[in-house]
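Each residue of the sequence shown is one higher than the one before, counting from 0 in numbering that gives the first Met the number 0. These notes are about the structure you will find just below.
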Amino acid sequence: MSRAFSAFRCPLCKGPLLAVGRSLRCPAGHSFDQAAEGYVNLLPVNARRAKDPGDSKEMVAARRRFLQAGHYGPFGPALGELCLALAQTARDPHSPHILDAGCGEGWYSRQAAAALTAAGLCPEMAGYDLSKPAVRLAAKAQPEAAFAVAGSFAAPVADGWADVILNIFSPMAREEFLRVLAPGGALVYAVPGPRHLFGLKQVLYDTPYENPCRPVEYPGFVREAERAVQGTIRLEGGAIQDLFAMTPYYWKTPKEGAERLAKLEVLQTEIEFRFVIYRKQG
């Protein structure tokens, strides 16, 4: 098993997990087997709000096609640069612990790992997501990292393990993030900029709207910096529906808007991420 599996703790008793063959076991005897793809399932049955929580296999496949096609290309290098800078303040700058919370199929985790290894560092990468199809793809694509099926609000991660948490378009689990971050650790919180996917919303809605853009403070964190990354993309054919399927708009768009989008052959839209850096106090 990857050494990064030391990031995880038992989701049942919160005890440490040790690798025993292809399983993780805690002192209380709870055991979690590593799947063929390399991940472990640390989501207790009684913690699932649905039979198959998280993004569906179809949504995960759409996101994977979209990201691998390079449509969000500007965001990968920017995230890598941020992680490289934040690694300098890690407990061991040569081997920072990076946790991808809500990792999806692992595209952002791979961007961060690529930047760190290219700079000669040896990061320990771990990630989790509620979606088993997503975690399966993440583990296959990045076998040197450790991935688990789990959720952010009861993260099976050891106290203080992470030097940096990546939270890309995922819920803000403030208390858990504070717990799993080392003293002085950093959170990279990516949120949509005001004009992110505005061209898409112009098709879907009669009255498109800009995303709110206001600084948010979270107790226990100090807002340290922010970096905005923008671009414009032109999509054709199936890439348009892939984008639609990987966004929240897929679930809340009126039927008429979805029908307009389905007839579209070309879509041009702005893309904009705000990477907000929060530092754990104390």
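Glycine included, each C-beta is placed from N, C-alpha and C at the ideal position.
Report task. Can you tell me the Cβ-Cβ gap for Ser94 and Pro73, rounded? I've got them flagged as a contact below 8 Å. Result -> By one-based count along the sequence shown, residue 94 stands at place 95. By one-based count along the sequence shown, residue 73 stands at place 74. Actually they are not in contact, since the Cβ atoms of Ser94 and Pro73 sit about 28 Å apart, beyond 8 Å.
Query raised in the report: Is Ala117 near Cys82, with beta carbons less than 7 Å apart?
Result: On the sequence shown, residue 117 is found 118 positions in, with the first residue counted as 1. On the sequence shown, residue 82 is found 83 positions in, with the first residue counted as 1. No; because the gap between Cβ atoms is not below 7 Å, this pair is not in contact.
Query raised in the report: Beta carbon of Leu165, beta carbon of Val134: below 7 Å?
Result: The residue given as residue 165 occupies position 166 in the sequence shown. The residue given as residue 134 occupies position 135 in the sequence shown. Cβ atoms of Leu165 and Val134: not closer than 7 Å.
Report task. Identify every residue that forms a DSSP beta bridge with Asp99. Result -> Residue numbering aside, residue 99 sits at position 100 when the sequence shown is read from its first letter. Looking at the DSSP assignment, Asp99 forms a beta bridge with Gly126, Leu165.
Query raised in the report: Would the beta-carbon of Arg278 fall within 7 Å of that of Val221?
Result: Stepping through the sequence shown from its first residue, residue 278 is reached at position 279. Stepping through the sequence shown from its first residue, residue 221 is reached at position 222. Cβ distance < 7 Å, so Arg278 and Val221 count as in contact.
Query raised in the report: Do the region 153-163 and the region 204-224 meet, that is, are 3 or more Cβ pairs less than 8 Å apart?
Result: no
Query raised in the report: Tell me which same chain residues have a C-beta within less than 6 Å of the C-beta of Leu129, skipping the five on either side of it?
Result: Mapped onto the sequence shown, residue 129 falls at position 130. Pro52, Gly53, Gly150.
Query - Terminal residues of the beta strand (DSSP E) in which Gly266 lies - result: Position 267 of the sequence shown holds residue 266. In the sequence under discussion, the amino acid at residue 266 is Leu, which differs from the Gly named in the question. Segment 265-279, the beta strand (DSSP E) holding Leu266.
Query - Per-residue DSSP class, three states only, for Val249 - result: Sequence index remark: in the sequence shown, residue 249 carries index 250 (1-based). A small correction: the amino acid at residue 249 is Tyr; Val does not occupy that position in the sequence shown. Reduced to three states, the DSSP call for Tyr249 is helix.
Query raised in the report: Between Glu216 and the rest of its own chain, which residues show a CB-CB distance below 7 Å, the 5 nearest in sequence each way excluded?
Result: Residue mapping note: residue 216 aligns to position 217 of the sequence shown, counting from 1. Here the set comprises Arg222.
**Report entry** DSSP three-state assignment for Ala154, whether helix, strand or coil
**Finding:** Numbered from 1 along the sequence shown, position 155 holds the residue referred to as residue 154. In this structure, Ala154 counts as coil in the three-state DSSP scheme.
Query raised in the report: Touch check for the region 164-179 and the region 253-266: three-plus C-beta pairs under 8 Å?
Result: no
Query raised in the report: Looking at the unbroken alpha helix (DSSP H) that takes in Pro132, where does it start and where does it end?
Result: Counting from 1 along the sequence shown, the entry for residue 132 is found at position 133. First-last of the alpha helix (DSSP H) with Pro132: 131-140.
Report task. Please name the residue, chosen from Phe65, Leu120, Thr246, that lies closest to Leu199 on a Cα-to-Cα basis. Result -> For the purposes of this step, residue 199 is taken as residue 200 along the sequence shown, with counting starting at 1. The shortest Cα separation from Leu199 among Phe65, Leu120, Thr246 belongs to Thr246.
Requested in this report: State yes or no: is the C-beta of Thr268 within less than 7 Å of the C-beta of Leu196?
Outcome: Taking the sequence shown and counting its residues from 1, the one referred to as residue 268 is at position 269. Taking the sequence shown and counting its residues from 1, the one referred to as residue 196 is at position 197. Yes, these two residues count as a Cβ contact at 7 Å.
Query raised in the report: So what does DSSP say about Gln224, is it helix, strand or coil?
Result: For the purposes of this step, residue 224 is taken as residue 225 along the sequence shown, with counting starting at 1. According to the sequence as given, residue 224 is Ala; it is not Gln. Correct three-state label for Ala224: strand.
Requested in this report: Give the DSSP-derived three-state secondary structure of Asp54 in the structure shown.
Outcome: In the sequence shown, residue 54 corresponds to position 55, counting from 1. Residue state, collapsed to three classes: coil.
Query - Same chain only: Cβ atoms within 6 Å of Glu235, ignoring 5 sequence neighbours per side - result: Within the sequence shown, numbered from 1, the residue matching residue 235 stands at position 236. Cβ neighbours of Glu235 beyond the five flanking positions: Val265.
Query - Assigned secondary structure, Thr116 (DSSP; H/G/I helix, E/B strand, else coil) - result: As a position in the sequence shown, residue 116 is number 117, starting the count at 1. Thr116 falls in the helix class under three-state DSSP.
Query raised in the report: In whole angstroms, what is the alpha-carbon distance linking Leu136 and Phe152?
Result: Mapped onto the sequence shown, residue 136 falls at position 137. Mapped onto the sequence shown, residue 152 falls at position 153. Each residue's Cα considered, the two are about 22 Å apart.
Report task. Over the uninterrupted alpha helix (DSSP H) stretch that includes Pro76, give me the two end residues. Result -> Indexing the sequence shown from 1 puts residue 76 at position 77. Here the alpha helix (DSSP H) through Pro76 covers 74-86.
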